[in-house]
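So the structure is just underneath, and the comments pick up after that.
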Amino acid sequence: MQDFFTIAKTDFLDTFQGAWIFPLLLIVLVFIFWKEKDDMRRLLLGVLPLLFLFIYWCPLTGMLFMKLLGENVYWRILWLILIAVLIPYGCCLLIGHLKGWLRQGAFLIGMAVIVLCGTPLFQSEEFQASTNDYKIPQNVVAVCDLLPGNVHALVSNRLMPYIRLYDPSITLEFGRNALAYNGIENPTGNQILYAEAQKEEIDVPALAPLAKEEGCTFLVFSNSRTYSDDWEAYGYKEYGHTDEFTIFVDTDYEEGQNTKKWEE
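First residue of the sequence shown? That's 2 in my numbering, and the numbers climb one at a time after it.
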């Protein structure tokens, strides 16, 4: 249970820390309970958000959803609290009870409060100026320009969300949902392959046969990784590299060969 509260607290602070949006949300919920006369709106805009907060913090429901959804995405329950709807609605409810210059003043003050209670979105480190038409990290473009089309690949976690945005003809052994495999004590099936691929020093004799068995023609790892053995002794060789990644290819691969694991 202690682990649950640690994860819930960390995710909650990551979502709301550095802004006053959550206190503003609580004030708005109280105001909706106080002033909203329509029972259905009070239920949808007042009761449901509090219910979702209860579900998020309650250990029984929390641990259940962590098991169903995965610890890495549990925080998305907070997305069910429609802050972008609730706060403007609360402001409109307040403005609707005022007249004349008070209404105009409340509108301006409400807009100012919303701005000041938030955080500068585009100053966040998660946002960067795009350097290509695809609006994806440039290191992904560099890797995709080296990879041929119509192949199956195992790639670094940093590349997973973007590869198929640039070239959908490439199929991937793992997508973002594979992050749920992290922390599994007794991996099975291709979870073992994923676990091997996360090691700082890649155990080549262990990973290479698993990758071949799953039909991974190309392997893409960060340049920071080290390797326990020579890849060519286990059926792979270096294909190319970028500033951040090294690409290996199955020695049985022939240029132009279609090794996709599935068809679109």
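The beta-carbon is built from N, C-alpha and C at its ideal position, and this holds for glycine as well.
Report task. State the CB to CB distance for the pair Val221 and Ser157, rounded to an integer number of angstroms; the pair is presumed to be in contact (CB under 8 Å). Result -> On the sequence shown, residue 221 is found 220 positions in, with the first residue counted as 1. On the sequence shown, residue 157 is found 156 positions in, with the first residue counted as 1. Confirmed, about 6 Å.
Report task. Spell out the partners DSSP gives Tyr75 in its beta bridges. Result -> As a working mapping, residue 75 is identified with position 74 in the sequence shown. Answer is none; Tyr75 lacks a bridge partner.
Report task. State yes or no: is the C-beta of Ala107 within less than 7 Å of the C-beta of Ile96? Result -> Taking the first residue of the sequence shown as 1, we reach residue 107 at position 106. Taking the first residue of the sequence shown as 1, we reach residue 96 at position 95. Cβ atoms of Ala107 and Ile96: closer than 7 Å.
**Report entry** Alpha carbon of Asp251 to alpha carbon of Phe128, nearest angstrom
**Finding:** Translated into positions along the sequence shown, residue 251 becomes position 250. Translated into positions along the sequence shown, residue 128 becomes position 127. Taking the straight line from one Cα to the other gives about 36 Å.
Requested in this report: Could you have a look at Lys238 and say whether DSSP puts it in helix, strand or coil?
Outcome: As a working note, residue 238 is residue 237 in the sequence shown. For Lys238, the secondary structure class from DSSP, reduced to helix, strand or coil, is strand.
Query - Where Thr11 sits in the DSSP three-state scheme - result: By 1-based counting over the sequence shown, the position of residue 11 is 10. It is helical.
**Report entry** Where Ala9 falls, given that 16 or more other Cβ within 10 Å makes a residue buried
**Finding:** Here the question's residue 9 lines up with position 8 in the sequence shown. Result: buried.
Requested in this report: Would you mind giving the Cβ-Cβ distance between Val29 and Ile88, rounded to the nearest angstrom? I have them listed as a contact below 8 Å.
Outcome: The count along the sequence shown starts at 1 and reaches residue 29 at position 28. The count along the sequence shown starts at 1 and reaches residue 88 at position 87. About 5 Å separates the two Cβ atoms, so the contact holds.
Query - Beta-carbon proximity check, Ala212 vs Leu148, cutoff 7 Å - result: Counting from 1 along the sequence shown, the entry for residue 212 is found at position 211. Counting from 1 along the sequence shown, the entry for residue 148 is found at position 147. The beta carbons of Ala212 and Leu148 sit no closer together than 7 Å.
Report task. Quick one: give me the first and last residue of the alpha helix (DSSP H) that Ile110 is part of. Result -> Taking the first residue of the sequence shown as position 1, residue 110 is located at position 109. Unbroken alpha helix (DSSP H) run through Ile110: Gly101 to Cys118.
Report task. Would you mind listing the alpha helix (DSSP H) stretches within the segment 146-209 that are 4+ residues and don't spill past its ends, in chain order? Result -> 164-167 and 191-198
Report task. Return the first residue and the last residue of the alpha helix (DSSP H) that Val29 is part of. Result -> If you number the sequence shown from 1, residue 29 lands on position 28. Note, Val29: alpha helix (DSSP H), Ile22 to Lys36.
Query raised in the report: If we call anything under 7 Å between Cβ atoms a contact, is Phe5 one with Met64?
Result: Within the sequence shown, the letter at position 4 stands for residue 5. Within the sequence shown, the letter at position 63 stands for residue 64. Yes. Within cutoff.
Query raised in the report: Rounded to a whole number of angstroms, what is the C-alpha to C-alpha distance between Thr120 and Leu79?
Result: For the purposes of this step, residue 120 is taken as the residue at position 119 of the sequence shown. For the purposes of this step, residue 79 is taken as the residue at position 78 of the sequence shown. Taking the straight line joining both Cα atoms gives about 18 Å.
Report task. Classify Gly101 as buried or exposed, calling it buried when 16 or more other Cβ atoms lie within 10 Å of its own Cβ. Result -> Translated into the one-based positions of the sequence shown, residue 101 becomes position 100. It is exposed - the Cβ of Gly101 has fewer than 16 other Cβ atoms within 10 Å.
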